[in-house]
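Chemist: Sharing a structure below in structure tokens format, with a few things to ask.
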Amino acid sequence: MKQYGLLLVVFLSAIGMHAQDARSFSLNLYGSYNFSDNIDFGGYSSDVKESFQYGAGFEYFISDNNSIELKYLRANAKMPFYGPAGDQLNIGNDKGALNYILADGTHYFDLGSNLLPYLGGGLGVGIIETPQAGSKTCFAWNIKGGVKIKTASVVSVNINAYLESMSKGVGNSYYWTYYGPVGVENYVSTYQFGLGATLSFNFKK
Numbered sequence: 000m001k002q003y004g005l006l007l008v009v010f011l012s013a014i015g016m017h018a019q020d021a022r023s024f025s026l027n028l029y030g031s032y033n034f035s036d037n038i039d040f041g042g043y044s045s046d047v048k049e050s051f052q053y054g055a056g057f058e059y060f061i062s063d064n065n066s067i068e069l070k071y072l073r074a075n076a077k078m079p080f081y082g083p084a085g086d087q088l089n090i091g092n093d094k095g096a097l098n099y100i101l102a103d104g105t106h107y108f109d110l111g112s113n114l115l116p117y118l119g120g121g122l123g124v125g126i127i128e129t130p131q132a133g134s135k136t137c138f139a140w141n142i143k144g145g146v147k148i149k150t151a152s153v154v155s156v157n158i159n160a161y162l163e164s165m166s167k168g169v170g171n172s173y174y175w176t177y178y179g180p181v182g183v184e185n186y187v188s189t190y191q192f193g194l195g196a197t198l199s200f201n202f203k204k
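Reminder that position 181 of the sequence shown reads as 180 in numbering that gives the first Met the number 0, one-by-one numbering, no gaps.
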């Protein structure tokens, strides 16, 4: 199977194609694998288990090498929740989901071929769904890097790695200072690293 994948990459690389034109746009279909993450707060902890992530985005090229994108991603994941003694508190009821709505900016490095390395990142909204707490809206961000492989057709293949995060305020901690008690808001954050591939359908305006 690995040999077939390598042959596909070599075949696509052999097909010449210029960089993306300014004022063109792409419809991106995402599929990726998220690695697990552990969250620890106040003696309690939770695992966001590894999961498959999917979604779609609309990418607009403001110049030949720079784009902005609005995308939606979703991953259904198990989220076991543990008490201070290490016992799971939601056995049999630990299925949840993570949703991202992100506005990304991406810069492509034109190497004069159909291989376009890129770096980018974005900000937006995260929505965590759990059976116990329902849906919670969070601040979200991501950073990403990869290679876009252009072909002579409207379809290109994107191989990428990324880090995604959600942060949610969970109340204040109070500290005594010279001026009296000062409250500082506490945050709980997820950090998930992932690897994926994207099919891009490229169109000129």
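From the three backbone atoms N, C-alpha and C, an ideal C-beta is built for every residue, glycine too.
Give me the Cα-Cα distance between N201 and L97, rounded to the nearest whole angstrom.
Modeler: Your numbering for residue 201 matches position 202 in the sequence shown. Your numbering for residue 97 matches position 98 in the sequence shown. So the two alpha carbons sit approximately 28 Å from each other.
Chemist: Can you tell me the Cα-Cα spacing of L72 and V124, whole angstroms?
Modeler: If you number the sequence shown from 1, residue 72 lands on position 73. If you number the sequence shown from 1, residue 124 lands on position 125. For L72 and V124, the distance between alpha carbons rounds to 11 Å.
Chemist: Under the assumption that I158 contacts G104 (Cβ atoms under 8 Å), give the Cβ distance between them as a whole number of angstroms.
Modeler: One-based indexing of the sequence shown puts residue 158 at position 159. One-based indexing of the sequence shown puts residue 104 at position 105. I158 to G104, Cβ: 20 Å. No contact.
Chemist: If you scan the region 44-71 from start to end, which runs of the beta strand (DSSP E) of 3 or more residues do you find wholly inside it?
Modeler: Counting whole runs of 3 or more residues, the region 44-71 contains the beta strand (DSSP E) stretches 50-62.
Chemist: For A187, list the residues DSSP reports as bridge partners.
Modeler: Position 188 of the sequence shown, counted from the start, is the residue given in the question as residue 187. According to the sequence as given, residue 187 is Val; it is not Ala. DSSP output for V187 lists K167 as bridge partner(s).
Chemist: N92 by DSSP, collapsed to three states: which one?
Modeler: As a working mapping, residue 92 is identified with position 93 in the sequence shown. N92 falls in the coil class under three-state DSSP.
Chemist: Spell out the partners DSSP gives G133 in its beta bridges.
Modeler: Residue 133 sits at position 134 when you count from the first residue of the sequence shown. The partner list for G133 (beta bridge, DSSP) reads T129.
Chemist: Kindly list the residues whose CB is nearer than 7 Å to the CB of V153, restricted to its own chain and excluding five residues on each side of it in sequence; keep chain order.
Modeler: Along the sequence shown, one-based indexing puts residue 153 at 154. Here the set comprises F200, N201 and F202.
Chemist: Helix, strand or coil for A84? Go by DSSP, reduced to three states.
Modeler: As a position in the sequence shown, residue 84 is number 85, starting the count at 1. In the structure shown, A84 sits in coil (DSSP, three-state: anything other than H, G, I, E or B).
Chemist: Just to check my reading of the structure: L26 and F57 have Cβ atoms closer than 8 Å, yes? What is that Cβ distance to the nearest angstrom?
Modeler: Along the sequence shown, read from residue 1 onward, the residue named residue 26 stands at position 27. Along the sequence shown, read from residue 1 onward, the residue named residue 57 stands at position 58. Contact flag correct, Cβ pair sits at about 6 Å.
Chemist: Is there contact here, the region 161-168 with the region 135-152, by at least three beta-carbon pairs under 8 Å?
Modeler: With the cut-off at 8 Å, the region 161-168 and the region 135-152 touch.
Chemist: So, D46 versus M78, is the Cβ gap smaller than 8 Å?
Modeler: As a position in the sequence shown, residue 46 is number 47, starting the count at 1. As a position in the sequence shown, residue 78 is number 79, starting the count at 1. Going by C-beta atoms, D46 is nearer than 8 Å to M78.
Chemist: What residue from I148, S31 and Q52 has the CA that sits closest to L115's CA?
Modeler: Looking up residue 115 in the sequence shown gives position 116. Comparing Cα-Cα distances from L115 to each of I148, S31 and Q52, the minimum goes to I148.
Chemist: Below 6 Å CB to CB, which residues in the same chain sit around F108 once its five sequence neighbours on both sides are set aside?
Modeler: By 1-based counting over the sequence shown, the position of residue 108 is 109. Closer than 6 Å at Cβ, skipping near neighbours: P116.
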